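Numbering (full-length UniProt numbering), first residue to last: 1 to 420.
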């Protein structure tokens, strides 16, 4: 109940005093009008949370203004206003009591970090610069940097940056974590210096090994990793090594051969990558497609090789979150060709997804066999009702209780798959 009261308080603050204050601060509304900051935010956030395909006419009906009046509100100031509201929501990080999962309970937190990119029209390249050259399809893009703490479900971010910013320079690369926590990342975050810093801070890490990384075995002999793995008779390798040239890091290397189907999928992806980049994939990378290779400072007592594999696969939780946001939340589908209207829609939909995550935490996060997809459908079904109760605290709390009860009854997986 306390968690629901906290969510209710956040929603009331968001759509009342915070909305009005930030509307004035960002220059979106200098005077009170029928379409003030709070009304504008409620219409966009609530309308698109309920239906990501809602037209501007439908949003205008929620705001009780004409479509023309709503269209005229999609300005650069409106985009700055909604971005400020998004920043406020990100700061209101919520978490649930730690889930009772024995493997995860060994750590002081399990943090999965990742990013996802949204391509934007070239007209927004000055605001959010993409990875491509001028005139290319990727000239403009927005990157979402997100962290997910798997024990409590707490969401870190989304922090926004231009799409061209590499994850190694992103806002979460230097994220401070508690001693005894586990940090799980993909190759985008791989940096030996950062791994050494984590070890010095007593933070545990688990990452894929970078292609071309210099590896040293016993007696400091250098190993050509792909060649060395190809010479092994075992399908599972678990040994202590040193990696790096200028910077040396002593760590545990865990590698296992993958099934032939996985090899074929990887090699097909390499062909597509070579076609896009117009250059062949390196021989070493091709050879390593037969293996999954990870580096960690987890001891064998903290995680067996099989448990290392299970822990790394937890990354799919954040990938599922991105899928929910993009597919279910409509982040990559817009209802205007005007640049500022597109940004307003993206920011409003991101706020809606954060609100949805708050409700999922309160409703089903502690259920091992939860279905996040089903939970998101329930939130969408009740979003309008929730919106209309914002200014009535008792009714708002009752609506939140009803939403969470609906999740607990109808959000289990159809199969035996467990979303940890």
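Where a beta carbon is used, it is the ideal one built from N, C-alpha and C, also for glycine.
Because the structure is a prediction, the values reported are computed rather than measured.
Can you check whether the CB of residue j is closer than 8 Å to the CB of residue i?
| i | j | result |
| --- | --- | --- |
| residue 338 | residue 28 | no |
| residue 163 | residue 193 | no |
| residue 146 | residue 321 | yes |
| residue 20 | residue 9 | no |
| residue 411 | residue 371 | yes |
| residue 292 | residue 255 | yes |
| residue 206 | residue 294 | yes |
| residue 284 | residue 226 | yes |
| residue 352 | residue 88 | no |
| residue 252 | residue 296 | yes |
| residue 167 | residue 119 | no |
| residue 161 | residue 174 | no |
| residue 383 | residue 57 | no |
| residue 26 | residue 72 | no |
| residue 139 | residue 130 | yes |
| residue 90 | residue 171 | no |
| residue 407 | residue 381 | no |
Among the options, which has the Cα closest to the Cα of residue i?
| i | options | result |
| --- | --- | --- |
| residue 315 | 34, 39, 113, 20 | 113 |
| residue 231 | 287, 209, 301, 119 | 287 |
| residue 379 | 394, 354, 367, 331 | 354 |
| residue 70 | 92, 52, 44 | 44 |
| residue 373 | 270, 328, 156, 381 | 328 |
| residue 156 | 401, 395, 357, 407 | 357 |
| residue 191 | 391, 390, 208 | 208 |
| residue 341 | 302, 306, 40, 62 | 40 |
| residue 52 | 409, 330, 299, 359 | 330 |
| residue 248 | 197, 377, 307, 300 | 197 |
| residue 343 | 35, 279, 123, 14 | 123 |
| residue 179 | 221, 219, 106, 79 | 106 |
Need the endpoints of the alpha helix (DSSP H) that residue i sits in, please.
| i | result |
| --- | --- |
| residue 344 | 339-364 |
| residue 207 | Premise fails: residue 207 lies in the beta strand (DSSP E), 204-208, not in any alpha helix (DSSP H). |
| residue 175 | Premise fails: residue 175 is in no alpha helix (DSSP H) and is neither H nor E. |
| residue 394 | 393-410 |
| residue 305 | 305-313 |
| residue 242 | From DSSP, residue 242 is part of no alpha helix (DSSP H) but of the beta strand (DSSP E) over 236-243. |
| residue 39 | 37-41 |
| residue 376 | 372-388 |
| residue 261 | 260-277 |
Looking only at its own chain, which residues have a Cβ that is under 8 Å from the Cβ of residue i, when we skip the five neighbours before and after it?
| i | result |
| --- | --- |
| residue 223 | 215, 216, 217, 241 |
| residue 244 | 192, 213, 214 |
Out of curiosity, what's the CA-to-CA distance linking residue i and residue j?
| i | j | result |
| --- | --- | --- |
| residue 420 | residue 290 | Because residue 420 carries a pLDDT of 40, less than 50, the predicted location of this residue cannot be relied on, and the following value inherits that uncertainty. Cα to Cα, the separation comes out at about 27 Å. |
| residue 135 | residue 121 | Because residue 135 sits at a pLDDT of 49, beneath the cut-off of 50, its placement in the model cannot be relied upon, and the point is left open. |
| residue 259 | residue 265 | 10 Å |
| residue 60 | residue 333 | 19 Å |
| residue 149 | residue 126 | 33 Å |
| residue 213 | residue 237 | 17 Å |
| residue 324 | residue 317 | 11 Å |
| residue 395 | residue 63 | 21 Å |
| residue 308 | residue 302 | 9 Å |
| residue 15 | residue 201 | 40 Å |
| residue 189 | residue 3 | 33 Å |
| residue 306 | residue 300 | 10 Å |
| residue 445 | residue 92 | With the chain running from 1 to 420 in the structure shown, residue 445 is simply not present. |
| residue 12 | residue 390 | 6 Å |
| residue 415 | residue 326 | Only weak support is given to the placement of residue 415: the predicted model assigns it a pLDDT of 46, under 50, and the question is left unresolved by the model. |
Near residue i, what residues of its chain come up, given a Cβ to Cβ distance below 7 Å and the 5 sequence neighbours on each side ignored?
| i | result |
| --- | --- |
| residue 387 | 42, 46 |
| residue 257 | 235, 290, 291 |
| residue 312 | 184, 206, 294 |
| residue 273 | 281 |
Sorted by chain position, which residues of the same chain lie with C-beta nearer than 6 Å to residue i's C-beta, five sequence neighbours on each side aside?
| i | result |
| --- | --- |
| residue 347 | 82, 83, 86 |
| residue 404 | 362, 363 |
| residue 367 | none |
| residue 250 | 242 |
| residue 402 | none |
For residue i and chain B, any beta-carbon pair shorter than 8 Å?
| i | result |
| --- | --- |
| residue 221 | Any reference to chain B falls outside this structure, which holds one protein chain only. |
Check for me: the beta strand (DSSP E) holding residue i runs from which residue to which?
| i | result |
| --- | --- |
| residue 127 | No beta strand (DSSP E) contains residue 127, which DSSP labels as neither H nor E. |
| residue 257 | 249-257 |
| residue 183 | 182-185 |
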